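*Asks:* For the sequence shown, my numbering assigns the number 80 to the initial residue and increments by one for each residue that follows.
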Amino acid sequence: MASIVEQRDLKRPVADISKRPEPVFKNTPITTDRYYSREFMDREWEKVWTKTWQIACLSKELQKPGDFVTTELGRESIICTMSKDGKVRAFYNVCQHRGMELVPDRCGNAKRLTCPYHGWAYDMDGTLRFVPDEADFAQGSPCGKLNLVEIPSENWAGFIWYNMDENCAPLKEYLGPIADQIDSYPMEEMTRTLWVTIEGDFNWKLVQDNFSESYHVPFVHPETKFVMEYSYRNSQFDHYDEGHCRMLMPGAIPAASIKGGEKETLASMKEELEFWEMDPEQYRYGKTSNIRLDLQKQKRLLGEKKGFDFSNYHDAQLTDHWHYTIFPNLSFSLKPDGNIWLRARPHESDPEKCYFDMWYMTLFPKGVTEYYSQSIKAMTSIDEPVAHKQGKAGEVSAGPAIDQDVAVWNKQQKGLHSRGYKREYLAGQESRMRYFHETLEKWMAD
Ligand code: FES
Ligand SMILES: [Fe+2]
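(1) On the DSSP bridge assignment, give the partners of Val-275 in chain order.
(2) Find out if the Cβ-Cβ distance for the pair Trp-274, Trp-438 is shorter than 8 Å.
(3) Taking all protein chains shown into account, decide if Met-458 is buried (16 or more other Cβ within 10 angstroms of its Cβ) or exposed.
(4) Can you grab the Cα-Cα spacing for the pair Met-161 / Thr-441, in whole Å?
(5) Taking only heavy atoms of ligand 1 into account, decide whether any of them is closer than 7 Å to the Cβ of Arg-191.
(6) Can you check the stretch 233–272 for any alpha helix (DSSP H) of at least 4 residues that lies completely inside it and give the ranges in chain order?
(7) What I want to know is whether the C-beta of Met-120 ends up closer than 7 Å to one or more non-hydrogen atoms of ligand 1.
(8) Report yes or no: do the stretch 492–511 and the stretch 297–307 share at least 3 C-beta pairs separated by less than 8 Å?
(9) Tell me where the alpha helix (DSSP H) around Leu-372 begins and ends.
(10) Determine the contact status of Thr-270 and Ile-461, defining contact as a CB-CB distance below 8 Å.
(11) Quick check on Ser-510: buried or exposed, where buried means 16 or more other Cβ atoms within 10 Å of its Cβ?
(12) Measure the CB-CB distance between His-393 and Gly-330 and report whether it falls below 8 Å.
(13) In whole angstroms, what separates the C-alpha of Phe-104 from that of Tyr-201?
(14) In whole angstroms, what is the alpha-carbon distance linking Glu-431 and Val-485?
(15) With burial defined as no fewer than 16 other Cβ atoms inside 10 Å of the residue's Cβ, what is the status of Pro-100: buried or exposed?
(16) The beta strand (DSSP E) that contains Gln-218, what's its start and end?
(17) State the DSSP-derived secondary structure class of Lys-414, mapped to helix, strand or coil.
(18) Please write down, chain order preserved, every residue whose beta carbon lies under 5 Å from a heavy atom of ligand 4.
(19) Just list the residues that DSSP pairs Gln-492 with in beta bridges.
(20) Phe-515 lies in the alpha helix (DSSP H); which residues open and close that run?
(21) Let me confirm a value: Pro-415 is counted as buried when at least 16 other C-beta atoms fall within 10 Å, else exposed. Which label applies?
(22) Is there contact here, the stretch 374–389 with the stretch 313–321, by at least three beta-carbon pairs under 8 Å?
(23) By how many angstroms is the C-alpha of Glu-474 removed from the C-alpha of Met-179?
(24) Taking just the CA atoms, how far does Asp-215 sit from Asp-184?
(25) Give me the DSSP bridge partner(s) of His-318.
(26) Give the C-beta separation of Pro-231 and Asn-242 to the nearest angstrom, bearing in mind that I take them to be a contact with Cβ-Cβ under 8 Å.
(27) Could you give the residue range of the alpha helix (DSSP H) that holds Met-348?
(28) Assign Asn-106 to buried or exposed, taking buried as 16 or more other Cβ atoms, counted over all protein chains shown, within 10 Å of its Cβ.
(29) With distances taken Cα to Cα, identify the nearest neighbour of Gly-279 among Arg-424, Ser-97, Glu-267.
(30) Cα separation between Thr-206 and Thr-448?
(31) Give a yes or no on whether the C-beta atoms belonging to Glu-233 and Arg-168 are separated by under 8 Å.
(32) One question on the structure: do Pro-407 and Gln-287 come within less than 8 Å of each other, judged by their Cβ atoms?
(33) Could you round the C-beta distance between Gly-417 and Ser-454 to whole angstroms and report it? I think they count as a contact, below 8 Å.
(34) Any idea if Ala-94 is buried or exposed, counting beta-carbon neighbours within 10 angstroms, 16 or more meaning buried?
(35) Would DSSP call Leu-285 helix, strand or coil?
(36) Identify whether Gln-133 lies in helix, strand or coil by the three-state DSSP scheme.
Okay, structure coming up:
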């Protein structure tokens with residue numbers, strides 16, 4: 080198989096594919112209490128959740144003055160608004176009078192935000208504009224004084240991001256080199272075509288741990304061995320100074336370790352090959368390992384005709400899995416025609432629960448409004464917004480592959496309490512998970 084690090088001669092800059100030097104690990108034990116201790120959860124709130132950048136919503140959800148979106152993170156509710164001047168801001172979603180949640184709805188459009196308790200009304204820029212019986216306050220009218228408390232926010236890469244730390248570094252500095260890599264995809268043009276939230280009975284870190292390694296792939300997702308080269312020997316793992324990580328894993332190719340499986344590879348890839356006007360039959364009799372490079376060439380050849388602009392991508396981006404983990408709780412796999420975004424948000428009070436969100440962002444070919452997404456195996460429509468499905472594991476599905484991951488976390492949470500479990504060995508290919516925990520330890524330190 081050709082090396083994943085071959086470079087093409089491209090006109091525009093593409094994501095840096097070079098391998099980062101390995102970090103030096105401290106190898107401190109990853110003790111199980113961090114998955115269920117309330118004390119640890121409280122410290123995470125103070126040290127991590129209130130200091131790191133989080134995604135509130137899609138940029139597209141705030142398009143015209145008066146639009147607002149609320150989002151939950153642990154014990155806080157955040158509201159993002161667009162004011163008359165078109166500026167987007169983020170505030171704590173709390174009324175300054177007596178602490179009532181200001182806006183209970185997830186989204187909408189309003190001239191003002193009026194508290195349901197005593198009717199204090201705020202402009203979309205956070206200014207308190209009206210209070211009933213204004214003359215009845217001994218301190219004088221609170222209007223213009225008791226405004227909503229704004230927090231840093233940025234509109235970038237198709238998302239509104241916020242940070243509860245008023246002294247935080249700008250988002251791009253926080254993301255480091257990964258920011259440019261995300262920027263190489265036209266995120267703003269993508270449409271959310273799947274949106275699921277699973278109310279999980281597990282700590283949020285089990286989610287980030289899981290998406291920080293592919294060691295589990297052949298066991299939890301056995302069908303993928305026919306279409307991805309999951310061996311760590313053929314993947315590249317990068318750890319960035321900012322605490323984020325990347326994995327590059329070849330796709331559109333069966334794992335070298337499997338014997339047979341040609342039928343399964345061709346069945347799994349049939350739709351994609353036919354879309355790209357390739358005949359699956361030509362890969363019979365021992366030729367499935369040629370698919371990856373042929374598909375890259377064919378995408379170059381037919382990309383424009385099919386409504387895609389692949390000129391900004393490295394060949395490896397056309398077929399492979401470019402998977403990122405952003406500290407603390409975000410991970411995503413980028414592909415030129417669609418990206419999967421995964422994150423776990425902490426529960427408001429219980430360390431053994433969390434909310435696991437999954438979005439699929441589709442890039443529709445030019446001029447196309449209905450598109451069969453091979454990644455999520457479903458017809459998708461460019462019409463927004465897509466329905467948000469939320470429920471317990473088993474009640475709602477995030478798609479077969481992600482459901483397989485979710486099924487693990489429930490069982491694992493219980494196992495972490497066992498008197499018979501002593502956390503010890505991590506494989507080299509689980510280094511991103513270790514890096515996540517060592518980054519967490521750094522943030523948690525006083
Ligand atoms: S708490 Fe909001 S108006 Fe009283
Ligand atoms: Fe998985």
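Cβ atoms here follow ideal geometry from the backbone N, Cα and C, with glycine treated the same way. The structure displayed is predicted, hence computed values, not measured ones.
*Replies:* Short version:
(1) Counting from one through the sequence shown, the residue named residue 275 turns up at place 196. Beta-bridge pairing links Val-275 to Met-437, Lys-468.
(2) Walking along the sequence shown from the start, residue 274 turns up at place 195. Walking along the sequence shown from the start, residue 438 turns up at place 359. Yes, these two residues count as a Cβ contact at 8 Å.
(3) Residue numbering aside, residue 458 sits at position 379 when the sequence shown is read from its first letter. Per the 10 Å Cβ criterion, exposed.
(4) Locating residue 161 in the sequence shown gives position 82, counting from the first residue. Locating residue 441 in the sequence shown gives position 362, counting from the first residue. Computed Cα separation, rounded: 25 Å.
(5) Counting from 1 along the sequence shown, the entry for residue 191 is found at position 112. No, Cβ of Arg-191 sits at least 7 Å from all heavy atoms of ligand 1.
(6) 250–254, 257–262
(7) Counting from one through the sequence shown, the residue named residue 120 turns up at place 41. No, the beta carbon of Met-120 sits no closer than 7 Å to any heavy atom of ligand 1.
(8) no
(9) Taking the sequence shown and counting its residues from 1, one reaches residue 372 at position 293. Where Leu-372 is concerned, the enclosing alpha helix (DSSP H) stretches over 370–381.
(10) Counted from its first residue, the sequence shown places residue 270 at position 191. Counted from its first residue, the sequence shown places residue 461 at position 382. Yes, these two residues count as a Cβ contact at 8 Å.
(11) Taking the first residue of the sequence shown as position 1, residue 510 is located at position 431. Buried, since its Cβ has 16 or more Cβ neighbours within 10 Å.
(12) Position 314 of the sequence shown holds residue 393. Position 251 of the sequence shown holds residue 330. No; because the gap between Cβ atoms is not below 8 Å, this pair is not in contact.
(13) Taking the first residue of the sequence shown as position 1, residue 104 is located at position 25. Taking the first residue of the sequence shown as position 1, residue 201 is located at position 122. When rounded, the distance between both Cα atoms is 49 Å.
(14) Stepping through the sequence shown from its first residue, residue 431 is reached at position 352. Stepping through the sequence shown from its first residue, residue 485 is reached at position 406. If you take the alpha carbons of Glu-431 and Val-485, they lie about 14 Å apart.
(15) Residue 100 sits at position 21 when you count from the first residue of the sequence shown. Pro-100 should be labelled exposed.
(16) Position 139 of the sequence shown holds residue 218. Here Gln-218 belongs to no beta strand (DSSP E), and DSSP marks it neither H nor E.
(17) The residue you call residue 414 lines up with position 335 of the sequence shown. Three-state DSSP puts Lys-414 in a strand.
(18) Ligands displayed in this structure: ligand 1 and ligand 2; ligand 4 is not among them.
(19) Counting from 1 along the sequence shown, the entry for residue 492 is found at position 413. For Gln-492, which the question treats as bridged, DSSP gives no partner whatsoever.
(20) Against the sequence shown, residue 515 aligns to sequence position 436. Segment 510–523, the alpha helix (DSSP H) holding Phe-515.
(21) As a position in the sequence shown, residue 415 is number 336, starting the count at 1. Buried, by the Cβ-count rule.
(22) no
(23) By one-based count along the sequence shown, residue 179 stands at place 100. By one-based count along the sequence shown, residue 474 stands at place 395. Their backbone Cα atoms lie some 32 Å apart in a straight line.
(24) Working through the sequence shown from its first residue, we reach residue 184 at position 105. Working through the sequence shown from its first residue, we reach residue 215 at position 136. About 30 Å.
(25) Working through the sequence shown from its first residue, we reach residue 318 at position 239. Per DSSP, Cys-324.
(26) Taking the sequence shown and counting its residues from 1, one reaches residue 231 at position 152. Taking the sequence shown and counting its residues from 1, one reaches residue 242 at position 163. With 8 Å as the limit, Pro-231 and Asn-242 qualify as a contact, their Cβ atoms being about 5 Å apart.
(27) As a working mapping, residue 348 is identified with position 269 in the sequence shown. Where Met-348 is concerned, the enclosing alpha helix (DSSP H) stretches over 341–354.
(28) Translated into positions along the sequence shown, residue 106 becomes position 27. Per the 10 Å Cβ criterion, exposed.
(29) Taking the sequence shown and counting its residues from 1, one reaches residue 279 at position 200. Answer by Cα proximity: Arg-424.
(30) Translated into positions along the sequence shown, residue 206 becomes position 127. Translated into positions along the sequence shown, residue 448 becomes position 369. C-alpha separation (whole angstroms): 40 Å.
(31) Locating residue 233 in the sequence shown gives position 154, counting from the first residue. Locating residue 168 in the sequence shown gives position 89, counting from the first residue. No.
(32) Looking up residue 407 in the sequence shown gives position 328. Looking up residue 287 in the sequence shown gives position 208. Against a cut-off of 8 Å, the Cβ pair of Gln-287 and Pro-407 comes out as a contact.
(33) Locating residue 417 in the sequence shown gives position 338, where the first residue counts as 1. Locating residue 454 in the sequence shown gives position 375, where the first residue counts as 1. Right, their Cβ atoms sit about 5 Å apart.
(34) In the sequence shown, residue 94 corresponds to position 15, counting from 1. So Ala-94 counts as buried.
(35) Within the sequence shown, the letter at position 206 stands for residue 285. Correct three-state label for Leu-285: helix.
(36) In the sequence shown, counting from the first residue as 1, residue 133 sits at position 54. DSSP places Gln-133 in strand when its eight states are reduced to three.
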